[in-house]
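All remarks here apply to the structure that follows.
Protein chains in written order, with the numbering used here: chain E, 22 to 217; chain A, 194 to 335.
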């Protein structure tokens, strides 16, 4: 193969960057697609884009997940046309809180937490972040809290579904040659040090 | 196993694989968050129940009492006396000198923020969650 002629140490970051770009593009597509789906209440969304946040987190680490989330929210909002509108602020606050929780949990838990556990926590974080900003900036009405449990329940279920999907995707990708070294830094380092 | 793929995880594929890959911490997180969600339902319900009855005439508080204590209160408005009954954690207007009797037909109220209003007799009966009368608002829009 011609690839073997290339220095693997130089190839790995390029590969990572390309796949991260691909994941981001897919996340933006899902973010936009979800906007087109009808929803009864503005905050009730499935958060399919989080599947790719989780994938990036498990394959490439926390920094990659943050890059993906910020790019997705910015580009997604540009496409939808609600950049810097209340909807954008809700997306951003939810995304920031969810990603903080998810990357933190990933770092703390290490191999002890999988995509499903992290996804569920992230989904609740997303709902809570959105709700707090909605409460602080948009509608200060006691009645708002009445829908909060329903939002949490919906987030919990969609988070569970997204987590399972992400787990399947990560598992599938890890079986592909291009992702062999991704996700475990020690292993890739060992492989790189191996004399050619 | 027949599937001899050289996977790092290698615990089967499909939904069963996901279940196999779940760690104890994953299960704990899912369970914990699930309980949290269930808890939020009861919390909001508890917060929704009112605790006090406040009667105002032209913005001035003329009666302030707890919802738990069954009693009858007579409040005087410009048209005459309005009789309010507090029973089983709910409030209702028993009799009123007003012509339309909207306040009587509104029925019972027991949740925080609900109100009975008798416009002709200048009376507003509110159910509140906290004893704090001063810091009470329905809506702040910015």
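Note that the Cβ used here is the ideal one computed from N, Cα and C, for glycine as well.
Since we're looking at a predicted model, the values are computed, not measured.
Next on the checklist: For residue 75 of chain E and residue 92 of chain E, what's the separation of their Cα atoms in angstroms?
Outcome noted: For residue 75 of chain E and residue 92 of chain E, the distance between alpha carbons rounds to 15 angstroms.
Checklist entry - So, does the CB of residue 226 of chain A fall closer than 7 angstroms to a CB anywhere in chain E? => result Yes, its Cβ sits closer than 7 angstroms to a Cβ of chain E.
Next on the checklist: Within 7 angstroms of any Cβ in chain E, is that where the Cβ of residue 245 of chain A sits?
Outcome noted: No, because no Cβ of chain E sits closer than 7 angstroms to the Cβ of residue 245 of chain A.
Item to check | Pairwise C-alpha distance: residue 250 of chain A and residue 121 of chain E | outcome: Taking the straight line joining both Cα atoms gives about 51 angstroms.
Checklist entry - Between E:195, E:65 and E:89, which lies nearest to residue 271 of chain E when the distance is taken from Cα to Cα? => result Residue 271 of chain E is absent from the model: chain E starts at 22 and stops at 217.
Item to check | Residue nearest to residue 321 of chain A in terms of C-alpha spacing, selected from A:253, A:268 and A:243 | outcome: The residue from A:253, A:268 and A:243 with its alpha-carbon nearest to that of residue 321 of chain A is A:243.
Checklist entry - Which value, in whole angstroms, describes the spacing of the CA atoms of residue 137 of chain E and residue 230 of chain A? => result Between residue 137 of chain E and residue 230 of chain A, the C-alpha separation is close to 17 angstroms.
Next on the checklist: Just verifying my parser: in three-state terms, what is the DSSP assignment at residue 112 of chain E?
Outcome noted: Here residue 112 of chain E sits in helix by DSSP.
Checklist entry - What's the gap between the Cα of residue 100 of chain E and the Cα of residue 109 of chain E? => result Their backbone Cα atoms lie some 12 angstroms apart in a straight line.
Checklist entry - Does any CB atom of chain E fall closer than 7 angstroms to the CB of residue 202 of chain A? => result Note that residue 202 of chain A scores 46 on pLDDT, short of 50, meaning its location in the model is unreliable; the coordinates nonetheless yield the value given after this. Yes, contact with chain E.
Checklist entry - Okay, do the region 121 to 135 of chain E and the region 151 to 158 of chain E touch, 3+ Cβ pairs below 8 angstroms being the bar? => result Short answer: they don't touch.
Checklist entry - Where do the ends of the alpha helix (DSSP H) carrying residue 103 of chain E lie? => result Element bounds for residue 103 of chain E: n/a, residue is neither H nor E.
Checklist entry - Based on Cα-Cα distance, which residue from E:142, E:28 and E:79 lies nearest to residue 41 of chain E? => result Of the listed residues, the one whose Cα sits closest to residue 41 of chain E is E:79.
Checklist entry - How about residue 254 of chain A and residue 284 of chain A: are their beta carbons less than 7 angstroms apart? => result Taking 7 angstroms as the cut-off, the beta carbon of residue 254 of chain A is found no closer than this to the beta carbon of residue 284 of chain A.
Next on the checklist: Against chain E, does residue 230 of chain A count as a neighbour if the rule is that its beta carbon must be under 7 angstroms from one of theirs?
Outcome noted: Closer than 7 angstroms to some Cβ of chain E, the Cβ of residue 230 of chain A qualifies, so yes.
Next on the checklist: Measuring only the C-alpha atoms, how far is residue 211 of chain A from residue 187 of chain E?
Outcome noted: In a straight line, the C-alpha of residue 211 of chain A is about 10 angstroms away from that of residue 187 of chain E.
Checklist entry - Of all Cβ atoms in chain E, is any one closer than 7 angstroms to the Cβ of residue 211 of chain A? => result With 7 angstroms as the cut-off, residue 211 of chain A counts as an interface residue toward chain E.
Next on the checklist: Considering only the alpha carbon of each residue, which of A:310, A:304 and A:299 lies closest to residue 270 of chain A?
Outcome noted: Closest by alpha carbon: A:310.
Checklist entry - For a contact meaning CB atoms closer than 9 angstroms, what does residue 234 of chain A contact in chain E? => result Around residue 234 of chain A, the beta-carbon contacts reaching into chain E at under 9 angstroms are 170, 171, 173 and 174.
Checklist entry - Between residue 134 of chain E and residue 218 of chain A, is the Cβ-Cβ spacing less than 7 angstroms? => result Yes.
Item to check | For residue 36 of chain E and residue 199 of chain E, believed in contact at Cβ under 8 angstroms, the rounded distance | outcome: About 6 angstroms; that satisfies the 8 angstroms criterion.
Item to check | CB contact below 7 angstroms: residue 304 of chain A versus chain E | outcome: Against chain E, the CB of residue 304 of chain A has no partner CB under 7 angstroms away; the residue lies outside that interface.
Checklist entry - Do residue 233 of chain A and residue 173 of chain E have their C-beta atoms closer together than 7 angstroms? => result Residue 173 of chain E sits close to residue 233 of chain A, with the two beta carbons spaced by under 7 angstroms.
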